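Once you know that position 396 of the sequence shown is 395 in numbering that gives the first Met the number 0, the rest is easy, because the numbers rise by one and skip nothing. Positions of the beta carbon are idealized from the N, C-alpha and C atoms, including for glycine. Given the structure is predicted, the values throughout are model-derived calculations rather than measurements.
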Amino acid sequence: MGADSNLRVLDAGVVRPSDINLPAHSLPFTFFDVRWLRRPPVQRLFLYRLEHHHHHTVQQLILGLKASLSKALTLFYPLAGHVRFAPNTNRYELFYQPGDGVAFTVAECDTDVNDLARSSDGEPVQVASLAPLVPTLPNGRAVLALQATELLGGRGLALGVTVHHSAGDGASSTHFLHTWAAVCNGAVEMPPPPVIDRTLIADPMGLYDIYCKEMPTDDGEVEFVTSSVSSLPDDQLVATFTLRQELLSGIKDTLAREAARLHAAPPHRCSSMLAAYSFIWSCYCRAKQEQNQTKTTYFLFAVDHRARLKPPVPATYFGNCINPAIAAARHDELAAAGTGGLFTAFMAIASTLEEEVGERSQERWDGCIERARGAMKAGAMFVVGSPRFRVYDINFGFGRPGKVVAVSAAKTGTMPMADAPNGVAGVEVGVSFPAGGMEHFRHCFDDAMHAIGMQEHVYL
0 MGADSNLRVL
10 DAGVVRPSDI
20 NLPAHSLPFT
30 FFDVRWLRRP
40 PVQRLFLYRL
50 EHHHHHTVQQ
60 LILGLKASLS
70 KALTLFYPLA
80 GHVRFAPNTN
90 RYELFYQPGD
100 GVAFTVAECD
110 TDVNDLARSS
120 DGEPVQVASL
130 APLVPTLPNG
140 RAVLALQATE
150 LLGGRGLALG
160 VTVHHSAGDG
170 ASSTHFLHTW
180 AAVCNGAVEM
190 PPPPVIDRTL
200 IADPMGLYDI
210 YCKEMPTDDG
220 EVEFVTSSVS
230 SLPDDQLVAT
240 FTLRQELLSG
250 IKDTLAREAA
260 RLHAAPPHRC
270 SSMLAAYSFI
280 WSCYCRAKQE
290 QNQTKTTYFL
300 FAVDHRARLK
310 PPVPATYFGN
320 CINPAIAAAR
330 HDELAAAGTG
340 GLFTAFMAIA
350 STLEEEVGER
360 SQERWDGCIE
370 RARGAMKAGA
380 MFVVGSPRFR
390 VYDINFGFGR
400 PGKVVAVSAA
410 KTGTMPMADA
420 PNGVAGVEVG
430 VSFPAGGMEH
440 FRHCFDDAMH
450 AIGMQEHVYL
């Protein structure tokens, strides 16, 4: 079902920070930020079921969203600004000046919220039905755009959030969303304010210039990508699978048994995150019909370095502070039946993580763009998001989201990871395939569960 045929835009306005005395402010890019200029923006869709609401009250909720957004932007004012080449320099910055604001679209759509949110239980939804509910970034290198869409009969509200990664990583953008929600729902205890200070990131190796040289430029400026560049098959589907805590425990036990059987010492303790990464990567490789079975395939995931830099930066630092870790293994070994593929995936990911957080990890950062580009070209799975961001706790006062979909991930083939919905202990993983591929992935997922002794599927 396509939402584009019945989406009606009711208002296209701008929301500005509530503090009219905010001065102009330049926030220089660090080497962590500049790498993201050419990556498409991150698009998340929050789907809320509204009980006993009608059109009038939904419009009131949207007015409340706008008023609280204005207050939240006073704290996170760089998100109201835009990226520019700083005057008389060859450096990028995020620049805010009085009068700047965030594009906020209000729309309505005749799609039932339950049709869109059903992907919570492994049921796929067409990406084309979700895409119109997230906004595009306006011209002028803006870094944030928002869209609130009333769904069929006022029974649902879709909140689309599009943020350019160069402004901040997932920890920063979700810190903003939690703050906005807390202002809107009148929370007694607010999240801590962001630390907006890019001088906290030192660059003794000159990585900013190294990264800029590795990116194609137009008249000396790196292209600022504002939309997803890949075209989607008409039947592209997205579905999420919940790995409950009991499944994650089963994966960990299986990996421990396999390590003992092979007399292999795992390079890193098996966290729930590593268990989920290993399980999904092996399932994905099994589902992917790869002609060259011996080719090397890659798995990219982000490591947050806030606490690891010397000196460390605060957890509330606003900006980018992540680096990609790149695991590699042979496709046929990852896709092996039984628990072999799972163990191969775990050993590859764990050793990569050890390397990325080790004492000498920063010595390799100068080549990370080149390594990531090579991995993506060869065929890689790229994880985005994290359960630590608690996206299912983002409650604006009308309940927790029934579903959160990383629409940009579905468009680009990356794999979003989040906390599990409905307060369940575990993690949620999203996958995107054309119709036939999605069915095959579900079979591989179920087979992999049986291999570790889980007899029933663990979808929500």
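Residue i versus the options, residue with shortest Cα-Cα distance
i	options	result
Asp446	Asp99, Arg285, Asp114	Arg285
Pro39	Ala23, Thr135, Ala66, Pro123	Thr135
Gln361	Pro137, Phe31, Leu9, Ala11	Phe31
Leu64	Ala349, Pro323, Arg268, Ile393	Ile393
Leu74	Ala328, Lys410, Ile19	Ile19
Ala538	Gln59, Gln42, Val221	The requested residue 538 does not occur in the structure, where the chain is confined to residues 0 to 459.
Ala336	Ile195, Cys443, Ala85	Cys443
Glu438	Thr411, Val124, Val426	Val124
Asp196	Leu26, Thr411, Val404, Thr343	Leu26
Arg83	Ala141, Thr241, Ala344	Ala141
Ala11	Ala405, Val101, Phe28, Ser69	Val101
His449	Gly121, Thr338, Arg370	Thr338
Asp168	Leu68, Leu36, Val403	Leu36
Ser165	Phe317, Arg370, Leu206	Phe317
Val13	Met453, Gly373, Gln146	Gln146
Gly373	Ala424, Phe298, Leu62	Phe298
Ala424	Ala371, Gln244, Arg15, Phe28	Gln244
Ala258	Ser385, Gly436, Thr343, Thr411	Thr343
Glu213	Arg268, Ile348, Ala201, Gly366	Gly366
Close-in-space but distant-in-sequence residues of the same chain around residue i (CB under 7 Å, 5 per side omitted)
i	result
Leu49	Val57, Gly153, Arg154, Gly155, Leu156, Phe397
Ser407	Pro39, Pro40, Val41, Gln42, Ser227
Ala434	Asp234, Leu236
Cutoff 6 Å; reference residue i; Cβ partners in own chain excluding five residues on either side
i	result
Asp109	Asn5, Leu151
Val312	Leu199, Arg305
Gly139	His81
Thr315	Pro191, Pro193, Val194
Thr225	Leu136
Thr173	Phe388
Cβ pair residue i, residue j closer than 9 Å
i	j	result
His304	Cys320	yes
Trp280	Leu333	yes
Leu341	Ile250	yes
Ala66	Cys183	yes
Ala116	Leu46	yes
Ala377	Ser350	no
Nearest-angstrom beta carbon gap, residue j and residue i [assumed within contact, 8 Å]
i	j	result
Ala379	Thr293	Rounded, the Cβ-Cβ distance is 17 Å, inconsistent with contact.
Thr178	Ala71	5 Å
Phe175	Leu93	With a Cβ gap of about 13 Å, Phe175 and Leu93 do not count as contacting.
Residues near residue i in its chain [Cβ-Cβ closer than 8 Å; skip 5 each side]
i	result
Asn291	His330
Arg7	Ala106, Glu107, Cys108
Ala275	Leu242, Leu247, Ile250, Met416, Val426, Val428
Distance between residue j and residue i (C-alpha atoms, nearest Å)
i	j	result
Ser431	Phe278	16 Å
Pro203	Arg307	16 Å
Asn87	Pro22	21 Å
Met416	Gly429	6 Å
Glu354	Asn421	35 Å
Met375	Leu60	42 Å
His24	Met414	35 Å
Ala130	Asp111	15 Å
Val33	Glu427	30 Å
Ile209	Pro323	16 Å
Val356	Ser17	40 Å
Glu358	Trp364	13 Å
Gly159	Phe345	34 Å
Cys211	Glu222	11 Å
Pro400	Ala409	19 Å
Lys402	Leu206	38 Å
Phe395	Val404	17 Å
Leu62	Asp99	20 Å
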